[in-house]
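Here's the structure, in structure tokens; my notes come after.
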């Protein structure tokens with residue numbers, strides 16, 4: 001099977017998915033796609049609706065929140081100008097925008113195409129740092145373009161803008177003999193502070209040049225070949241080339257991109273696509289994707305095409321970002337790799353980075369080296385980073401977990417683990433001047449009180465004094481991850497200190513907090529019988545109050561964002577009460593024991609409080625394992641796939657962040673990582689068999705035996721989806737979890753499935769480790 005035929009890059013390009021559907025290599029810097037006009041959903045440039053197209057740009061992020069990202073230096077093709085007068089063509093984005101041709105979009109790995117209602121059909125592909133466009137024009141001598149009949153004499157412009165209109169100062173120059181257009185601009189990041197500079201170099205091929213020039217706003221000049229806009233100015237400017245009609249009705253545009261210089265942008269283009277060979281670039285891109293994806297082999301027997309699309313499209317999206325900018329870092333000299341668009345680690349640490357540790361450990365290792373190098377040169381690990389800028393910190397210092405996850409899974413190639421450990425300890429101990437964008441805030445109270453008071457006044461640095469519940473539980477887990485690193489590095493005192501701090505989640509446990517509130521409409525009481533939730537706490541030790549359901553889908557969901565004043569981030573106290581992956585045994589005891597825990601976790605899923613569009617909801621899908629009920633995890637996986645994760649345009653429930661695709665990939669493969677630990681929670685794969693190529697060259701195979709796998713599953717959770725027994729390399733295996741050694745050394749794990757929940761994985765000795773019971777020995 002050619003797996004590329006099951007990848008639909010358009011999944012998630014509506015309703016908040018913000019997926020980039022254009023042409024890109026795995027982790028590619030150059031990302032080419034059509035950009036839509038003035039759209040709340042155009043974070044990745046393109047949206048699958050009927051919005052007008054304003055151009056084709058070459059840098060994008062995928063699946064992000066925040067404002068629109070990148071989209072620098074868009075090209076736009078006119079088939080000709082009214083009365084053959086260049087001044088009558090439209091140059092600014094709002095005026096030149098044009099509807100797309102209905103049903104004209106084609107998207108597949110390494111290729112994107114769309115037709116415009118100005119008679120131009122545009123195709124695009126990319127190499128690592130260069131985009132290649134093929135503009136197809138009509139054959140007639142006169143062309144219909146936006147209600148005008150114009151002579152067939154194409155004009156292609158490039159402007160200095162970006163998607164979010166953050167450009168401030170720039171330069172553009174057109175070379176009349178060759179038609180080359182070069183330029184740069186200064187821009188702001190989409191979810192962070194500071195600014196960055198980008199450079200481009202555009203060359204054309206396929207038709208004779210008639211005229212060249214520049215424009216500023218709608219003032220068009222054939223004599224001015226160079227424009228400088230003042231630093232800080234948002235003046236709209238660009239360059240253009242007009243051509244004679246092409247003999248084969250095609251004009252090629254090659255755009256090299258760099259964050260270093262115009263010269264490097266030109267060098268990137270000339271080295272990567274010297275001959276303008278469109279089909280060759282597409283083929284090379286497809287082969288790059290096939291090679292990356294070939295580490296995963298599946299038996300598709302009984303799987304319908306929609307399920308295959310969900311799986312392969314999710315794995316594909318997991319490899320779009322972060323993006324490899326190695327050699328393009330203008331901030332410091334370093335021999336280390338440099339990846340950008342960690343957007344954001346709060347989203348990606350839970351699923352994407354552990355997935356890459358299995359399916360692409362070489363790239364994950366290089367990402368870890370990048371994070372440590374950022375610490376070396378900027379003083380802190382990032383929680384979010386894009387466009388060489390510091391992004392906003394959403395919760396804890398969760399790069400600590402990314403490093404710990406790599407450490408406990410023995411990623412070593414080129415990693416300076418002593419420096420990495422220094423970086424995570426800096427997060428735990430040193431409050432930065434601005435913890436809006438790095439590190440942790442309220443560190444003094446964290447150390448002395450063991451929680452973040454909602455009325456804390458003593459902070460070394462500055463940052464939003466909010467999210468005290470979610471930051472407390474994340475800081476606790478981040479410290480636990482540091483403790484595991486300390487253990488591996490034989491730093492005994494640190495190990496004890498950070499294990500002890502990891503227990504701080506208990507300090508926000510309010511056993512008296514109920515789950516009932518009065519409906520504002522009719523005055524009725526809404527809620528449940530459950531009592532005891534994490535709650536904000538004051539400096540004096542007394543509890544404050546946040547409705548346990550606030551910021552869930554059933555009660556004021558959109559109130560807990562970065563810039564709002566509540567004590568949880570993008571989730572409710574109901575949800576954050578379950579975030580104790582370091583010691584689920586202690587949490588289960590706190591909530592009243594196994595039965596009470598399972599009842600509460602079932603309610604979280606069944607009540608609508610859980611929102612799968614945010615990544616904190618991933619692990620609770622599998623946390624039944626800790627209470628000896630792994631079958632319930634298998635059940636809920638099959639409730640969310642394909643109900644909320646499917647092959648439609650609206651096929652993911654929230655911003656992808658490369659995390660939604662990672663979640664589905666892991667669920668299909670039959671395990672879910674507890675990020676930062678050497679623990680994978682086991683469920684039956686949705687395929688009959690999956691096989692993963694390991695770094696040792698062997699295969700790690702998980703196989704369903706005695707049932708036909710996913711095709712036996714009906715939408716209500718029936719069918720043979722429950723593990724009855726298991727064998728690892730031929731020997732009985734009773735634990736409901738497994739370690740990374742299986743994915744490193746290889747082996748065969750077989751599950752006998754049945755339609756009823758069994759006793760497999762339910763004994764105390766079969767449960768995943770918890771700090772209070774097993775001590776992670």
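Residue numbers (UniProt numbering): 1 to 777. Where a beta carbon is used, it is the ideal one built from N, C-alpha and C, also for glycine. Because the structure is a prediction, the values reported are computed rather than measured.
- For residue 250, the closest C-alpha among the options 758, 746, 119 and 43 is that of 119.
- Annotation for residue 674: no alpha helix (DSSP H) segment contains it, and DSSP assigns it neither H nor E.
- Closest option to residue 176, judged by alpha-carbon separation, among 638, 224 and 514: 224.
- In this structure, DSSP gives residue 295 a state outside helix and strand, which the three-state scheme calls coil.
- Within the region 238 to 317, the complete alpha helix (DSSP H) runs of at least 4 residues fall at 262 to 272, 278 to 293 and 305 to 317.
- Using a Cβ distance threshold of 8 Å, residue 257 and residue 132 do not count as a contacting pair.
- Apart from sequence neighbours up to five positions away, the residues of its chain that approach residue 299 with a beta-carbon distance below 6 Å are 687, 688 and 689, ordered along the chain.
- One alpha carbon belongs to residue 448, the other to residue 311, and they sit about 47 Å apart.
- Shown here, residue 573 sits in a helix according to DSSP, grouped into three states.
- A direct Cα-to-Cα measurement between residue 21 and residue 64 gives close to 13 Å.
- Burial is judged here by how many other beta carbons sit within 10 angstroms of a residue's own beta carbon; residue 166 has at least 16 and is buried.
- The bridge partners DSSP lists for residue 514 are 531.
- The closest CA to that of residue 398, considering only 472, 331 and 452, is found on 472.
- Under DSSP, residue 324 forms a beta bridge with 339.
- DSSP, read as helix, strand or coil, puts residue 31 in coil.
- With contacts defined by Cβ atoms closer than 8 Å, residue 611 and residue 552 form a contacting pair.
- Following the DSSP letters along the chain, one finds residue 191 in no beta strand (DSSP E), marked with neither H nor E.
- Counting C-beta pairs closer than 8 Å gives fewer than three between the region 647 to 655 and the region 378 to 385, which falls short of the contact rule.
- For residue 418, the uninterrupted alpha helix (DSSP H) segment begins and ends at 417 to 429.
- For the 8 Å CB-CB criterion, residue 343 and residue 562 do not form a contact.
- Here residue 651 carries a coil assignment [DSSP, helix/strand/coil].
- Contact annotation, residue 336 with residue 109: C-beta distance approximately 28 Å; criterion of less than 8 Å not satisfied.
- Setting aside the 5 residues that flank it on each side, residue 252 is surrounded in the same chain by 132, 133, 134, 135, 204, 205, 206, 276 and 278, each with a C-beta closer than 8 Å to its C-beta; the list follows chain order.
- For residue 41, the CB contacts under 6 Å within the same chain, skipping 5 residues up- and downstream, are 47 in chain order.
- Under the three-pair Cβ rule at 8 Å, the region 96 to 104 does not count as touching the region 194 to 203.
- Here residue 182 carries a strand assignment [DSSP, helix/strand/coil].
- According to DSSP, residue pairing for residue 6 in a beta bridge does not occur.
- Excluding sequence positions up to five before and after residue 262, its CB lies within less than 8 Å of the CB of 182, 183, 184, 199, 200 and 201, all in the same chain and listed in chain order.
- Per the C-alpha coordinates, the member of 353, 573 and 506 positioned closest to residue 470 is 573.
- About 18 Å separates the beta carbon of residue 130 from that of residue 329, a gap too long to meet the 8 Å contact definition.
- Here residue 221 carries a strand assignment [DSSP, helix/strand/coil].
- A direct Cα-to-Cα measurement between residue 349 and residue 639 gives close to 24 Å.
- Nearest neighbour of residue 230 by Cα position, chosen from 260, 535, 468 and 169, turns out to be 169.
- If you look at residue 94, you'll find it in the alpha helix (DSSP H) that goes 93 to 96.
- Within the same chain, Cβ atoms closer than 6 Å to the Cβ of residue 306 are found at 647, the five residues on either side in sequence being excluded.
- Assignment of residue 593 by DSSP, reduced to helix, strand and coil, places it in the coil class.
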